[in-house]
Amino acid sequence: MTHPVPMVEIWRGPVVESQHSGHAVICDETGQITQSWGNPDQVVYPRSSAKMIQALPLIESGAADAQGLTTEQLALACASHSAAAIHTVRVMAWLDHLGLGEPDLRCGPQEPEDIPARDALIRAGDAPCQVHNNCSGKHCGFLTLNQHLGGGPDYIEIDHPVQRACLAAFEEVTDLASPGWGIDGCSAPNFLTTLHGMARAMAFFAAAREGQGMRATAAARLRDAMIAHPELVAGESRACTQLMRACTEPVALKTGAEGFFIAILPRRKLGVALKITDGAGRASESAIAALLVRLGVLDAGHPAAKRFLNPPVLSRRGFDAGQIKPSAGLL
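Under my numbering, the final residue of the sequence shown carries the number 337; numbering is consecutive throughout.
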């Protein structure tokens with residue numbers, strides 16, 4: 007099948023009012039597809055779901071160990087954080103450790119998704135800065151690698167040594183030559199691949215073990231840092247954080263803009279990649295929760311699972327008007 011398939015339904019009363027379609031792939035450690043929906047060869051931007059791949063050169067180069075990076079910093083390098091204090095304080099400390107500051111970032115300012123942090127800025131009359139950008143941890147990783155490589159300040163340029171290293175790692179773990187790239191929301195390049203390529207890369211991260219080679223060691227360290235610090239990967243109210251905590255075994259999850267999501271299941275050595283074609287985050291969260299239930303690592307009755315798997319559709323007065331549900335074919 008080459009067309010997207012129905013993945014998530016929006017019910018109002020007894021009727022399906024809206025429907026989200028998409029593609030999804032589950033790969034094993036050999037890179038083979040074990041299950042798929044829609045078109046595994048669909049070319050996609052993985053967006054922020056690729057951050058752990060972009061962080062591989064940070065460890066492989068020796069930069070992470072040279073700077074004594076902690077598991078918290080490795081988790082932040084893979085994060086799309088909410089700019090809560092637990093995130094921004096750590097980003098500022100990382101920059102200070104490098105002898106750098108907020109102007110050295112190239113991600114651009116962003117209003118915090120964390121409500122208390124946003125409200126504190128408003129009360130103080132301050133504008134958001136680049137530290138509040140959800141990708142500032144990834145960019146601290148880029149800056150750390152850049153210092154190690156001795157590159158110029160504009161590390162987000164496509165021909166910069168940092169981005170050349172990221173592209174090489176990306177093509178190697180997806181096992182595909184990238185057909186192109188676009189500019190991500192944080193101004194860094196985001197490389198195209200297929201759903202199968204991303205699922206294959208995530209299966210590599212799932213099967214990786216420290217001591218099995220430089221790349222496998224790097225992948226295992228990044229994956230385990232994400233699992234150890236789910237609150238740093240996203241934020242307290244976010245799907246990545248809550249679903250990682252809810253899973254019955256260690257699982258790394260990472261959302262990407264425009265309806266992308268990945269899952270890394272180390273005990274089962276499986277990788278998952280999914281894309282909702284209309285880019286709806288409500289659908290990608292429901293779909294990834296459904297696949298986690300399908301794979302037996304998430305109890306559908308867990309409060310966090312229910313929050314994303316079957317969130318209610320409410321009226322403005324809080325009346326139960328309907329429900330978001332994964333399509334039957336996904337469960």
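We treat Cβ as the ideally placed atom computed from N, Cα and C, and that holds for glycine.
TRP43 and LEU182 have their C-alpha atoms roughly 20 Å apart. Taking C-beta separations shorter than 6 Å and ignoring five residues to either side along the sequence, the partners of MET204 in its chain run PRO52 and ALA279, following chain order. For ALA69, same chain residues with a beta-carbon under 6 Å away, outside a window of 5 residues either side, are THR150, LEU151 and HIS154 in chain order. The alpha helix (DSSP H) runs lying completely inside the segment 186-242 and spanning 4 residues or more are 201-213, 220-234 and 236-239, given in chain order. With the rule of 3 Cβ pairs closer than 8 Å, the segment 184-198 does not count as touching the segment 23-42. The segment 9-26 makes no contact with the segment 114-122; the number of CB pairs closer than 8 Å stays below 3. Around the CB of ALA130, fewer than 16 other CB atoms lie within 10 Å, so the residue is classed as exposed.
Assignment of PRO109 by DSSP, reduced to helix, strand and coil, places it in the helix class. In the DSSP assignment, VAL95 falls outside any beta strand (DSSP E) and within the unbroken alpha helix (DSSP H) covering 91-103.
Under DSSP, SER42 takes part in a beta bridge, and its partners are VAL31. DSSP places GLY147 within a helical segment (H, G or I) once states are collapsed to three. If you draw a straight line from the Cα of HIS166 to the Cα of LYS275, it is about 33 Å long. Membership of LEU62 in the alpha helix (DSSP H) is indicated by the continuous run 62-66. In this structure, THR200 sits near VAL50, with a CB-CB distance shorter than 8 Å.
When the five nearest sequence neighbours on each side are left out, no beta carbon in the same chain lies closer than 8 Å to the beta carbon of GLY105. Using a C-beta cut-off of 8 Å, the segment 248-265 makes no contact with the segment 166-181, since fewer than three inter-stretch Cβ pairs fall below that distance. In chain order, ARG229, MET232, ILE233 and ILE270 place their CB closer than 6 Å to the CB of ALA258, counting only its own chain and leaving out the 5 sequence neighbours on each side.
Annotation: the continuous alpha helix (DSSP H) that includes LEU315 extends over 309-315.
In the structure shown, the three-state DSSP call for LEU259 is strand. If you check the CB distance, ALA214 and ALA207 do not come in under 8 Å.
Distance from the Cα of GLU108 is smallest, within the candidate group CYS253, ASN139 and ILE282, for ASN139.
The three-state secondary structure of VAL303, taken from DSSP, is coil. Considering only ALA224, HIS235 and PRO272, the residue with the shortest C-alpha distance to GLN60 is ALA224.
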